[in-house]
Amino acid sequence: MPVIRKNTKKIKVGNTFIGGDSPISVQTMVNADPHDFEAVSAQVKKVEAAGAEIVRMTVPDEESAAVFSVIKHDGVKIPLVADIHFDYKTAIAAAMCGADKIRINPGNIGEEWKVKEVATTCKILGLPIRIGVNSGSLDKRLLKKYGAPTSEALAESALLQAEMLEKYAFSDIVISIKSSDIKTMTEAARKVSSASDYPLHLGVTEAGDEYAGLIKSSVGIGALLLDGIGDTIRVSLTADPVKEVYAGREILNSLGLLKSGINIISCPTCGRTKIDIIKIASEFRKIANQIDTKGKRVNVAIMGCVVNGPGEAREADFGIAGGDGFAVLFKNGETVGRIEECDIIDALKKETLEYIGN
Ligand code: SF4
């Protein structure tokens, strides 16, 4: 059964959209020094090449806001988001310098007139605002009211901030609620989803290193996506942002929400396995991450044995099943050739490129 997504408001962000019928996008955040424009631009290009569809960068002061005009002139095509804390003037500077979206944190931006200034600038420039509520920096009044950053407190904070923007005729809003506690994050997102039609950005914050963070994010983000909640995702990892992009795409892939890309079906290996399937799957994964499938979805199987492999990977477009020192190549369940073990990676790459028409 395919996931049925909630129909949220469609918001334009640069040359793409979040919400409505637009595909769920994968975001990341670069971590280069925000004053080193060359380094930021190089990192943005790297995550763009890895498949990021939106990228965010911190803008700690007005000087660093100029990074947007530099990157825009550097050939980057994906939308750029300014991550703003504390200073509304920096938000305005980022908007003026070419940011495609402004993320503000209601817990620390200050008085309402400051939020109004940001909203007015964004409205004039046609930019959306992401209200980013975070359990670590919840509005003090709500923290006092609820005693802790509960899901109720986080959801109320986001909805109050949306109401505040609406007061100034601003409704190009994306909402995110992040917590490192999966239960709090998912409960808060569900509350906001049932109370409003604004698109949701999902993520588990401070999720941990590559391994732990991926598991935490998959559980939290995956639980919501399965119920049709969520329009854009960011997997937060204590790792290279490129890894966040791969992780985000794999979460969408696992739920059938990725319409393009390479889906690798590989068996866990067992006593029947006579070739190094673990190495082949890992090497092919690296190659697959570099291939642009031009909007096509390719299902590639890497199976340990001919006895069960082709049958267990019925949904694959093509794949290999291991023998002793060799593998058979199969397409749509039919064996079509034999490949020596040392040639398997090259053969999978060749088949993939042929499949997508390269
Ligand atoms: Fe074992 Fe073959 Fe199944 Fe792989 S496909 S787990 S080698 S039985």
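Per the working numbering, the sequence shown starts with residue -15, numbered consecutively.
Heads up, the beta-carbon is just placed ideally off N, CA and C, and yes, glycines get one too.
Cβ of residue i within 9 Å of Cβ of residue j?
i, j, result
"arginine 218", "threonine 12", "yes"
"isoleucine 323", "isoleucine 304", "yes"
"glycine 317", "glycine 306", "no"
"valine 60", "threonine 216", "no"
"valine -3", "valine 14", "no"
"alanine 146", "leucine 111", "no"
"isoleucine 166", "glycine 204", "yes"
"alanine 172", "serine 135", "yes"
"valine 229", "alanine 36", "yes"
"leucine 143", "alanine 179", "yes"
"threonine 168", "proline 133", "yes"
Taking buried to mean at least 16 other C-beta atoms within 10 Å of its own C-beta, is residue i buried or exposed?
i, result
"methionine 41", "buried"
"glutamate 140", "buried"
"leucine 126", "buried"
"histidine 57", "exposed"
"methionine -15", "exposed"
"glycine 279", "exposed"
"arginine 298", "exposed"
"asparagine 342", "exposed"
"lysine 162", "buried"
"glutamate 338", "exposed"
"lysine 200", "buried"
"cysteine 254", "exposed"
"aspartate 308", "exposed"
"glycine 120", "exposed"
"threonine 319", "exposed"
Cutting at 7 Å between CB atoms, please list the residues of its own chain near residue i, excluding the five before and the five after it.
i, result
"alanine 207", "Thr170"
"glycine 245", "Arg233, Asn237, Thr277, Arg281"
"arginine 256", "Gly288, Cys289, Val291"
"alanine 77", "Glu46, Ala49"
"glycine 82", "Phe52, Ser53, Lys56"
"valine 226", "Lys30, Val31, Ala34"
"isoleucine 340", "Thr277, Lys278, Lys280, Val282"
Have a look at residue i and residue j and give me their C-alpha separation to the nearest angstrom.
i, j, result
"cysteine 326", "glutamate 267", "12 Å"
"isoleucine 93", "valine 117", "11 Å"
"phenylalanine 21", "glycine 321", "51 Å"
"valine 176", "isoleucine 259", "50 Å"
"isoleucine 235", "isoleucine 38", "16 Å"
"arginine 174", "aspartate 181", "12 Å"
"isoleucine 249", "lysine 334", "17 Å"
"isoleucine 286", "leucine 109", "49 Å"
"glycine 192", "serine 202", "12 Å"
"proline 18", "proline 183", "28 Å"
"alanine 16", "glutamate 190", "18 Å"
"glycine 295", "proline 44", "55 Å"
"lysine 243", "proline 7", "8 Å"
"valine 284", "asparagine 247", "6 Å"
"leucine 122", "isoleucine 328", "53 Å"
"isoleucine 62", "asparagine -1", "7 Å"
"valine 312", "aspartate 67", "50 Å"
"tyrosine 152", "leucine 221", "36 Å"
"isoleucine 88", "isoleucine 262", "44 Å"
"leucine 186", "alanine 196", "17 Å"
"isoleucine 124", "glycine 131", "Before going on, a small fix: residue 124 reads as lysine here, not isoleucine. If I take the Cα positions, the gap works out to 10 Å."
"serine 164", "valine 31", "24 Å"
"glutamate 96", "lysine 129", "19 Å"
"aspartate 224", "phenylalanine 310", "35 Å"
"serine 160", "aspartate 84", "17 Å"
"valine 188", "alanine 34", "21 Å"
"phenylalanine 24", "phenylalanine 70", "Rather than phenylalanine, the amino acid found at residue 24 in this sequence is valine. Using only the alpha carbons, I get a separation of about 22 Å."
"alanine 300", "glutamate 194", "28 Å"
"proline 252", "threonine -8", "39 Å"
"glycine 91", "valine 65", "19 Å"
Cutting at 8 Å between CB atoms, please list the residues of its own chain near residue i, excluding the five before and the five after it.
i, result
"leucine 239", "Val(-13), Gly206, Leu209, Leu210"
"leucine 149", "Val99, Ala103, Ile113, Ile115, Ser155, Ile157"
"lysine -6", "Phe1, Ile2, Gly3, Gly4, Asp5, Ser6, Pro183"
Who are the near neighbours of residue i in its chain, counting only those whose CB is closer than 6 Å to its CB and skipping five residues on each side?
i, result
"alanine 231", "Leu198, Val219"
"arginine -11", "Gly212"
"glutamate 101", "Tyr72"
"phenylalanine 302", "Lys315, Glu335"
"lysine 107", "Phe154"
"alanine 361", "This structure cannot settle anything about residue 361, because the visible part of the chain is limited to -15 through 342."
"glycine 214", "Leu184, Leu186, Leu208"
Is it the case that the CB of residue i approaches a heavy atom of the ligand FMN more closely than 8 Å?
i, result
"glutamate 234", "The model depicted lacks the ligand FMN and carries the ligand SF4 instead."
### Query
Whose CB is closer than 5 Å to a heavy atom of the ligand SF4? List the residues in chain order.
Qualifying residues come out as Cys251, Cys254, Arg256, Thr257, Met287, Gly288, Cys289, Asn292, Gly293.
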